[in-house]
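Here the structure is laid out as structure tokens; the discussion comes afterwards.
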Amino acid sequence: MPATMRGVQLTGHGGPERLVWNEAIPRPDPGPGEVLVKVLAAGVNNTDINTRVGWYAPEVTGATVEGDVAVEAGGWGGALDFPRIQGADLCGRVVALGEGVTAPAIGVRVICPTSQPEPTAEHPVRFRVIGSEYDGAFAEYCVVPAHQLYDVSAAPLSDVEIGAMPCAFGTAFTLLHRARVTSGDRVLVTGASGGVGLAAVMLAHHLGAEVTAQAAAAKADAVRAAGAERVLGRGEVAEAGSVDVVVDLVGGPHWRAVLNALRPGGRYAVAGAIAGPMVEMDLREVYLRDLSLFGCTYTAPEVFAGL
């Protein structure tokens, strides 16, 4: 096994120029409870861009392209250690085991969730994000806690198809799980042509929901093919009280109209704010209509296993 590896390192918050190709990165060794994984495929997601530009810092209030290179706490869990190898989506093969690890076995094809549960008594939904709090899949090898890996050796999908699943489909399935989507629900998905949005359309349709999707007109056909019965343009607004569930990935200036699309007793689940995280809310619209709001980042182990 080589002592070094090739990969892309993030050298600080900023534009693509902060990503540096390196052909001599020291290959990591797995510690106790860890596994060395040879990367077979890695996906690129909006969260990788958000981390690079420092968008997760609380002082950043604009859309996801509006990060701040001066922030210190721009990662999911706060300040990053640079250089950092990003890559929140991973499909790989186990090539070495750390002390105390018996599974997954060497040779097994694996994936892992993007947000990885590490709960404590004080923080029951604590998690770490691969490619943010520790080095991820934008290199030939990475080290992952053994208990975060799932055996996908028997899956008929290709490495590339599996490598595109953890972030998009894991987040989408978490949103639908938290909002308790079941057959017959009327579901509105914003940002439906993006990775998480398209996955949410597909999974909601699979669950038997009636899906309305918001997406750019140029991508309407792809969204319909994924299972949407109705596609609204980005500027269009769903009728008031017309849906049971909103899966929101956009936020921004149209947020209040999106919330108004919910029927009384409706459920709103959010895992993104690509149009901006700052919104105006009339609290009466929430409590007088008995709405339930869910912020969704933590993916419970049983949810990812179900995916």
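Its first residue numbered 3, the sequence shown is counted upward by one per residue in my numbering. Glycine residues also receive a C-beta, built at the ideal position from the N, C-alpha and C atoms.
Contact check for S155 against R111 passes: the beta carbons are separated by less than 7 Å. In this structure, N262 is the residue among A81, N262 and P255 with its C-alpha nearest to the C-alpha of V247. For V191 and E124, the gap between their C-alpha atoms comes out near 33 Å.
With contacts defined as CB atoms closer than 7 Å, V97 and L42 fail to qualify as a contacting pair. Scanning P85, A220 and V55 for the CA closest to the CA of V22 turns up P85. The beta carbon of R128 is closer than 7 Å to those of E120, P121 and T122 in its chain, skipping five residues each way along the sequence. R29 places its beta carbon 7 Å or farther from that of A44. Going by C-alpha positions, G267 is about 14 Å away from L285.
Remark: C-beta atoms of V239 and A222 do not approach each other more closely than 7 Å. Nearest Cα to W57 within the set T301, L295, M280 and E304: M280. In the three-state reduction of the DSSP assignment, Q88 falls in the coil class. Taking the C-beta atoms as reference points, G254 is found nearer than 7 Å to A277. C169 sits in a helix when the DSSP states are folded into three classes. Counted as a single uninterrupted DSSP element, the alpha helix (DSSP H) harbouring A307 occupies residues P303 to G308. The three-state reading of DSSP puts N24 in strand, counting E and B together. Residue state for Y289 is assigned as helix, using DSSP reduced to three classes. Beta bridge pairing from DSSP links M7 with I27.
Here R258 has V281, E282, M283, D284 and E287 as same chain residues with Cβ atoms under 8 Å from its own Cβ, once five neighbours each way along the sequence are excluded. A139 has its alpha-carbon roughly 7 Å from the corresponding atom of I87. Linking K40 to S117 through their CA atoms gives a straight-line distance of about 20 Å.
With the rule of 3 Cβ pairs closer than 8 Å, the segment 148-166 counts as touching the segment 100-109.
Here E231 is exposed. Its C-beta has fewer than 16 other C-beta atoms within 10 Å. Scanning E304, G165, M7 and L99 for the CA closest to the CA of R180 turns up E304.
Shortest Cα-Cα distance from H15 to any of D31, S195, G229 and R54 involves R54.
Look at R182 here: in three-state DSSP terms it is coil, with no helix or strand label.
From the listed residues G274, L264, Y300 and A307, the smallest Cα separation to L290 is found for L264. Here DSSP, grouped into helix, strand and coil, assigns L177 to helix.
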